[in-house]
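The opening residue of the sequence shown carries number 604 in the numbering used here; numbering runs sequentially from there.
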Amino acid sequence: MEPVVTDTVFVRGIPSDTTDEQLLERFADVGPVKHAYCLRDKLTHRAKYGFVKFAIREDAQVAVDTLSGALMNGKKMMILSIQFI
């Protein structure tokens, strides 16, 4: 069975003070973003990682190819495409 690639990417390595708006702005250069959000630690409310949903599915792969390893406020991001089997 072929995995299905989605229009959403998983982002690790974001700075702990990242806002949803900053995450959206960082990925908007790749293509139109439907929404972006950071998952936060329940106690400290610091961003742990994020998800970015693109309007165009192919832009998710472009983000993986071009932004994985790029810096966001001095921290190196790791970006993974989300796939379902």
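Beta carbons are placed, not taken as given, at the ideal position from N, Cα and C, and that holds for glycine.
Best match in the options for proximity to residue i [C-alpha to C-alpha]
i, options, result
"L683", "L670, M675, Y640", "L670"
"A639", "M680, T647, T622, I659", "T622"
"V612", "A673, L674, D662, K678", "D662"
"G653", "V633, P606, S619", "S619"
"M681", "P606, D610, V608, I617", "I617"
"Q664", "V633, N676, G672", "V633"
"G677", "R629, E605, D610", "R629"
Residues that residue i bridges to, as DSSP identifies them
i, result
"G672", "Beta-bridge pairing links G672 to no other residue."
"Q664", "Bridge partners of Q664: none, in fact."
"T611", "K656"
Exposure label - residue i; buried when at least 16 CB within 10 Å
i, result
"L642", "exposed"
"A666", "buried"
"L674", "exposed"
Inter-residue CB distance, residue i and residue j (contact presumed, cutoff 8 Å)
i, j, result
"V636", "A658", "7 Å"
"V655", "V614", "6 Å"
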